[in-house]
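Here's the structure, in structure tokens; my notes come after.
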Amino acid sequence: MERQDNMHMLAPMTIRGKQWKNRIVLAPKGGMRIIDGEMEQQMHDMLSYYGMGHPAEVIIGETPVSEQAGRSVGEAYDFKDPKVCAGIRKYASMIKEQIGAVAMVELFHAGDQRLWIGNGKVMGPTAYTRPTDGAQIHAMTQHDIRTTCDEFAQAAYTMKQCGFDGVVVHAGHGWLLHQFFSPITNKRTDAYGGSLDNRCRFAVEVLHAIRDRCGENFVIECRISGSEHRSESYTMQDISTFANLLSQYADIIHVSAGLYRDPCETGMVSGVFFPHGLNLAVGEYIKKHGCRAAVTVVGGWADPGMIEEAIASGGTDFVAMLREFTAEPKFVDKVLQGRAAEIRPCIRCLRCFPGAYEAARADEQRLGIPYFEMAEHCSVNPQYFAWFQHSKPQQHAKKNVLVIGCGVGGMQTAITARQCGHEVTVIDRAPECGGILRLFQNDPHKQDLWKLTRSMKAEADALDVRMRLSTPFSEQLLQAMHPQVIVAAIGAEPIRSAISGLASENVMLAQEVFLKAPTLHGAVVILGGGMVGCETALKLAELGADSITIVEMRDTLASDAYRQYGIDLRKRVLENVTCRMNVKCTGIERKTVWLSGADGVEQLHADYIINAIGMRSSDTALIRNAAMAMGCDYYEVGDCLKPRNICMAIEEGYHIGNSL
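At position 276 of the sequence shown (counting the first as 1) the number is 257 in our numbering, and the numbers step up by one without a gap.
Shown next as structure tokens:
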């Protein structure tokens, strides 16, 4: 898509005298961190990183309005402390002067979601004993409500005094103001409960207090959950009424979804099972039904064409993104330059989002992975790593580099090597780029993976990487090309276990399910309950298989999936598939699968059997020996080194390409 086709997305907009240079908003990521009046260095580096994308608005994330408002102790700052204010000024200054964006900060109160620390008062709309930890939740009095309104107003005024252009009041994701709005959590019978207007009242009063305290030359944005994706919750009409009432004082209604404590199931984060732009329908409805404020919609945006259409059609005024900026920090630049085909899409693998911080930290010991390692990585952007360590390709003396294999690991090696100044040729025996990801080009849940291969191909083409597809490796080819460096990136192949009967006619590979999309009538047994086995089971369920059983040796399904995606995937599998855990397949005889477990030997009837046991590295001996015979430098990348995942293949390709 060329720049002239993105006029609405790139158009400026002015609100209360502040100008947005385009319609792309950097969604909030983390709150302020201030040390002795200075921005914490990691936060500075993170903002610098995301600032490369030239968003029109930058939102600093969840900032508690008081000590009792945070999720736990030590989160809040004393806004009367001169050192705190000095740090806040540095955030505002950096956003406005270095990034050139409208500077906003998100204010919130955790309400009854505050962790119980054994003392202090945890408040919410309704009194109850929290079942997870026994904390006594106190129903807020009218005095508590007035005090909280004042705290929001004072926090907003501090932000204004320190240079911020406005604040984003968080009234979604299960925090306090959302707790009052939702009929699931608000059981009050006074002026703040019962009717829809009453449930909206607290949030409206907070915005009113901020407007009174901060005046007219200050932007107020209000973030709401357009849906909780729960049948017993509020309706589209309810959220429209809420938005209309908020727009008495709010300049922007920021439409998100879901709940922090249950992010995937409720749509707070759009995983692969949600559509892109999943909150657009709510934004459109709000705009058509009386909302006077501008509307921002967040949720799974990645395609410039889809964003342009959403804004051009009047469905929203702004779109907010975070994970797409993580995957492609130069998103806006590439649109401006007519290079949209080279934009790497977020594949929504949730590598960067392990879920609610508290729950993920509780899993650290079980998973053996520190929370930081679970969160601060991107599968498709190797320069992200952790945002305070990103680096750039370095220029080297030119070499002739041959990459064998055109999966994502091979393409990343080629792209980085070319950026470092080398002459690069990629060969692959397949007619298309993408390696194993070619299997998913017709799978609606895996389109992001296919788009990733297309964007990497476009990057390679723009860099003049020579691509020779439908070209198998041979020693004769090698001798004709005279490379100085050879990189093997030939992937992996399915494990063909020694299980007797695995070669029977009614046995197929998991990959064939995605490639051929067969409709299998009868009983299907899937051998292997890793991520591939689980995704295959869901695919077969969509294709109409009569019954599906997963057989898994371990006690956990999809243990190789990233934490939050694994939670979501396991839930969907358990809703649709029979799972046999802690058993192993010992043999197959016609339509009988023999199992062995703690309860002894048993058998399952199976009309079809799917082999999802796993992958093993392809044999690189021929390539390695040829490289050694010619005296070439030799490397291996991705699954041919060890079967793993996209993140590791791309990261290895980047490192090798940058080291040649």
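Ideal placement from N, C-alpha and C gives every residue a C-beta, glycine not left out.
Fair warning: this is a prediction, and the values are worked out from it, not measured in the lab.
Item: Residue of F223, A134, A136 minimising C-alpha distance to P164; Value: F223
Item: Cβ contact check for the segment 451 to 469 and the segment 483 to 499: 3 or more pairs under 8 Å; Value: no
Item: Beta carbon proximity, F133 to chain C, threshold 7 Å; Value: The structure shown contains no chain C; it holds only a single protein chain.
Item: Close beta carbons around F299, own chain, < 6 Å, minus the five adjacent residues each side; Value: R4, V6, T277
Item: Bridge partner(s) assigned by DSSP for Q375; Value: Bridge partners of Q375: none, in fact.
Item: The segment 290 to 310 in contact with the segment 16 to 28 per 3-pair CB rule at 8 Å; Value: no
Item: Given 8 Å, three or more beta-carbon pairs between the segment 229 to 244 and the segment 153 to 162; Value: yes
Item: Boundaries of the beta strand (DSSP E) in which A301 is found, first to last residue; Value: 299 to 302
Item: Three-way DSSP call (helix, strand, coil) for K311 in this model; Value: coil
Item: The segment 571 to 587 in contact with the segment 427 to 441 per 3-pair CB rule at 8 Å; Value: no
Item: T122 to L177 span [Cα, whole Å]; Value: 19 Å
Item: DSSP-derived helix/strand/coil call for D614; Value: strand
Item: Given 8 Å, three or more beta-carbon pairs between the segment 444 to 451 and the segment 552 to 572; Value: no
Item: A395 beta carbon less than 7 Å from that of A461; Value: no
Item: A172 - DSSP class collapsed to helix/strand/coil; Value: coil
Item: Under 7 Å between C-beta atoms of I80 and G11; Value: no
Item: Element boundaries [alpha helix (DSSP H), containing R235]; Value: In the sequence as displayed, the identity of residue 235 is His instead of Arg. Here H235 belongs to no alpha helix (DSSP H); instead the beta strand (DSSP E) covers 233 to 237.
Item: Same chain only: Cβ atoms within 8 Å of K102, ignoring 5 sequence neighbours per side; Value: Q49, H119
Item: Residue of G388, L483, Q492 minimising C-alpha distance to V618; Value: G388
Item: Alpha-carbon to alpha-carbon, D62 and M75; Value: 20 Å
Item: Start-to-end residues for the alpha helix (DSSP H) that takes in I126; Value: 123 to 142
Item: Alpha helix (DSSP H) segment containing E265, residue limits; Value: 261 to 269
Item: Cutoff 6 Å; reference D541; Cβ partners in own chain excluding five residues on either side; Value: G511, M512
Item: Pairwise C-alpha distance: Y138 and F369; Value: Here the model assigns F369 a pLDDT of 48, short of 50, so the residue's position is not dependable and the matter cannot be decided.
Item: The segment 180 to 188 contacting the segment 252 to 271, beta-carbon criterion three pairs below 8 Å; Value: no
Item: For E323 and A491, the rounded distance between their alpha carbons; Value: 30 Å
Item: Helix, strand or coil at Q0 [DSSP, three-state]; Value: strand
Item: Distance between beta carbons of Y266 and M217, contact taken as under 8 Å; Value: 5 Å
Item: CA-to-CA distance, V253 to R211, given in whole angstroms; Value: 19 Å
Item: C-beta contact flag for N639 and T397 at 7 Å; Value: yes
Item: Nonlocal neighbours in the same chain, by C-beta distance under 8 Å from K77, ignoring five residues either side; Value: V83, A84, G144, D146
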